[in-house]
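In the numbering used here, the protein residues as written are 63 to 400.
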């Protein structure tokens, strides 16, 4: 079968190999074989490709996909899943013609949602869901302020919309190149617009605007109860300065590099919290996966959230997709058509 295989860590062009004769997976008990139509691209795929996150080599790239069930190896799942069902999932090996997926990780696609949108809902949509609902551990309440970096890109596009559904007041940041998009989406009560790094398309977090000062001005010197930070190294110090008393900084990404070590004593002045969660621990059971998926699909069906599919690359152009994501140009979900 056709598959994108990583045999050595490296940049997009050197590490991502499109192989045409990779062995088709067998289907263990309790699994289904999915003929993939689309695979989603997320920053975590670049971390595994580069070696920042570890996965035994070789491996098939991608952790999110959708398509049609062509085989089921189970005697007990016939009532829930059938050959021919359209499903989405989160599982290693999605950038391939076929993926064997545990039945407990499959989610049926509603009839009125396209497969492209359903795939887009998985990693980013479910991540945004847990970031605004469970990860804050009730440390923010309706009517209180949160700070969300890069609200015109990826997961945080979703998170800003979902934060408004929870009743939070949202301060967002965006680069000038994405200002119009962020303003059009109208998910922020206050928008901090940053210059872009010279020669790049992503925001300059450290020299263009004093973000901490602006946040304190907006919040009457109180700071924010919740910070959603997918940027990483470039915003770590800013996040600590922006926290309110008993506020929580949720660091969930490394777009600018991993957060460097810091002293926990820096959290003491505000009795603040910091956590570094991952999606797998918030869809650890079948019940959690189904509940979050149903919420996201329902909000999409009801028009309460909007999904933006930015670009669809052919699988043959997988390296271009990775480079596009890492360049900071993306304005929504990136998909690969298998």
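Just so it is clear, CB atoms sit at the ideal spot from N, CA and C, and this is done for glycine as well.
Residue i versus residue j: straight-line alpha-carbon distance, rounded
i: residue 352; j: residue 346; result: 11 Å
i: residue 162; j: residue 206; result: 44 Å
i: residue 136; j: residue 218; result: 38 Å
i: residue 255; j: residue 235; result: 6 Å
i: residue 109; j: residue 281; result: 35 Å
i: residue 396; j: residue 90; result: 30 Å
i: residue 187; j: residue 285; result: 27 Å
i: residue 304; j: residue 232; result: 13 Å
i: residue 387; j: residue 105; result: 7 Å
i: residue 113; j: residue 168; result: 28 Å
i: residue 153; j: residue 277; result: 38 Å
i: residue 238; j: residue 258; result: 7 Å
i: residue 200; j: residue 300; result: 23 Å
i: residue 384; j: residue 252; result: 31 Å
i: residue 400; j: residue 325; result: 46 Å
i: residue 246; j: residue 211; result: 17 Å
i: residue 126; j: residue 160; result: 12 Å
i: residue 250; j: residue 88; result: 47 Å
i: residue 179; j: residue 375; result: 15 Å
i: residue 144; j: residue 133; result: 8 Å
i: residue 248; j: residue 350; result: 29 Å
i: residue 117; j: residue 204; result: 40 Å
i: residue 165; j: residue 348; result: 10 Å
i: residue 226; j: residue 75; result: 39 Å
i: residue 83; j: residue 142; result: 32 Å
i: residue 382; j: residue 364; result: 34 Å
i: residue 330; j: residue 283; result: 17 Å
i: residue 339; j: residue 357; result: 20 Å
i: residue 53; j: residue 81; result: Past the edges of the chain, shown from 63 to 400, lies residue 53, and the structure says nothing about it.
i: residue 343; j: residue 138; result: 26 Å
Sequence-distant residues of the same chain with beta carbon closer than 8 Å to residue i, five excluded per side
i: residue 393; result: 214, 215, 240, 243, 370 and 372
i: residue 328; result: 302
i: residue 85; result: 63
i: residue 315; result: 105, 217, 291, 292, 293 and 294
i: residue 177; result: 99, 100, 128, 129, 148, 150 and 171
i: residue 115; result: 106 and 109
i: residue 341; result: 152, 185, 188, 189 and 192
i: residue 71; result: 77, 111, 112, 113 and 119
Beta-bridge pairing of residue i - partner residues as DSSP gives them
i: residue 311; result: 289 and 336
i: residue 376; result: 399
i: residue 164; result: 93
i: residue 67; result: 79 and 122
i: residue 255; result: 236
i: residue 190; result: According to DSSP, which records beta bridges pairwise, residue 190 is partnered with nothing at all.
i: residue 208; result: 232 and 288
i: residue 265; result: 258
i: residue 158; result: 65
i: residue 170; result: 149
i: residue 371; result: 395
i: residue 326; result: For residue 326, which the question treats as bridged, DSSP gives no partner whatsoever.
i: residue 179; result: Partner(s): none; residue 179 has no beta bridge.
i: residue 305; result: 286
Distance between beta carbons of residue j and residue i, contact taken as under 8 Å
i: residue 191; j: residue 354; result: 5 Å
i: residue 52; j: residue 310; result: Here the chain has residues from 63 to 400 only, and residue 52 is not among them.
i: residue 306; j: residue 287; result: 5 Å
i: residue 124; j: residue 181; result: The pair is not a contact, with the Cβ atoms about 11 Å apart (cut-off 8 Å).
i: residue 67; j: residue 120; result: 5 Å
i: residue 197; j: residue 337; result: 7 Å
Contacts around residue i, its chain only, beta-carbon distance under 6 Å, and the 5 residues preceding and following it disregarded
i: residue 129; result: 96, 97, 98 and 99
i: residue 228; result: 194
i: residue 268; result: none
i: residue 367; result: 223 and 361
i: residue 73; result: none
i: residue 335; result: 310
i: residue 333; result: 308
i: residue 155; result: 122 and 161
Residues near residue i by beta carbon distance below 7 Å, same chain, minus five either side
i: residue 271; result: 254 and 256
i: residue 146; result: 130 and 131
i: residue 359; result: 172, 175 and 183
i: residue 157; result: 65, 66, 101, 122, 123, 124, 377, 380 and 398
i: residue 202; result: 208, 230, 287 and 288
i: residue 295; result: 318, 319, 320, 321 and 322
i: residue 266; result: 256, 257, 258 and 259
i: residue 264; result: 237, 258 and 390
i: residue 69; result: 79, 119 and 120
Residue ranges of each alpha helix (DSSP H) within the stretch 71–149, 4 or longer: Counting whole runs of 4 or more residues, the stretch 71–149 contains the alpha helix (DSSP H) stretches 74–77 and 105–112.
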